[in-house]
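Okay, so here's the structure we're looking at.
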Amino acid sequence: MKVTVAVSAVMVAAVLGYSFWPVGQKARAVNHVESAEAAPLAMVVLPDNLSQSAQIGKLGFDAKCAICHGENAAGKDGLAPPLIHKIYEPSHHANESFQRAVALGVQAHHWRFGNMPVIEGLTRGDVTIIIAYIRELQRANGIN
10 MKVTVAVSAV MVAAVLGYSF WPVGQKARAV NHVESAEAAP LAMVVLPDNL SQSAQIGKLG
70 FDAKCAICHG ENAAGKDGLA PPLIHKIYEP SHHANESFQR AVALGVQAHH WRFGNMPVIE
130 GLTRGDVTII IAYIRELQRA NGIN
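Its first residue numbered 10, the sequence shown is counted upward by one per residue in this note's numbering.
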């Protein structure tokens with residue numbers, strides 16, 4: 010019973026959080042990338058199903074990250090790298106790397122896409138749940 014209540018509370022919080030995420034940043038990103046139809050850089054195999062955390066993380070990823078990193082984190086040619094790539098395996102880019110990237114931005118160092126800006130409007134908790142989604146996609150693609 011407690012688990013059901015906790016899961017329901019997380020789902021409600023996720024839906025409310027998603028609905029209140031600022032639209033302005035999404036619009037700026039779209040304006041920055043008028044040709045958001047860039048080709049994916051990775052072929053991503055989707056898992057048969059996602060955990061509840063990853064399902065919520067997918068909502069956040071789609072709202073804040075997919076504009077640059079592409080659908081299912083496959084990257085976008087000329088825009089941003091795929092996160093479903095060996096470079097981002099947990100032993101090389103731990104979860105804290107993703108947290109810091111969102112909070113502080115990142116200077117380009119593995120790819121030639123330019124610097125990643127700070128992503129506003131995401132809490133550490135939001136990023137944690139987005140990471141759950143990315144990690145499940147990575148595992149489905151042999152990245153552990």
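All C-beta atoms in this analysis are idealised placements derived from N, C-alpha and C, irrespective of residue type, glycine included.
Rounded separation between residue i and residue j - CA only
i: residue 151; j: residue 50; result: 17 Å
i: residue 75; j: residue 85; result: 9 Å
i: residue 8; j: residue 133; result: Residue 8 lies beyond the stretch modelled for the chain, which goes from 10 to 153, so this question has no answer here.
i: residue 131; j: residue 59; result: 21 Å
i: residue 80; j: residue 47; result: 11 Å
Cβ neighbours of residue i in the same chain (closer than 6 Å, five flanking residues each side left out)
i: residue 142; result: 63, 66, 67, 70
i: residue 135; result: 69
i: residue 89; result: 77, 78, 122
The alpha helix (DSSP H) enclosing residue i, as first and last residue numbers
i: residue 107; result: 104-113
i: residue 135; result: 133-149
Residues near residue i by beta carbon distance below 8 Å, same chain, minus five either side
i: residue 123; result: 117
i: residue 102; result: 96
Close beta carbons around residue i, own chain, < 7 Å, minus the five adjacent residues each side
i: residue 83; result: 49, 50, 51, 53, 91, 93
i: residue 145; result: 56, 59, 60, 63
Nearest neighbour of residue i, chosen from the options [CA to CA]
i: residue 127; options: 110, 80, 147; result: 110
Any non-hydrogen atom of the ligand ADP closer than 7 Å to residue i Cβ
i: residue 128; result: This structure does not include the ligand ADP; it has no bound ligands of any sort.
- Task: Enumerate, from N- to C-terminal direction, the unbroken beta strand (DSSP E) stretches of 3 or more residues contained entirely within the segment 75-100.
- Result: Counting only runs of 3+ residues, no beta strand (DSSP E) is found wholly inside the segment 75-100.
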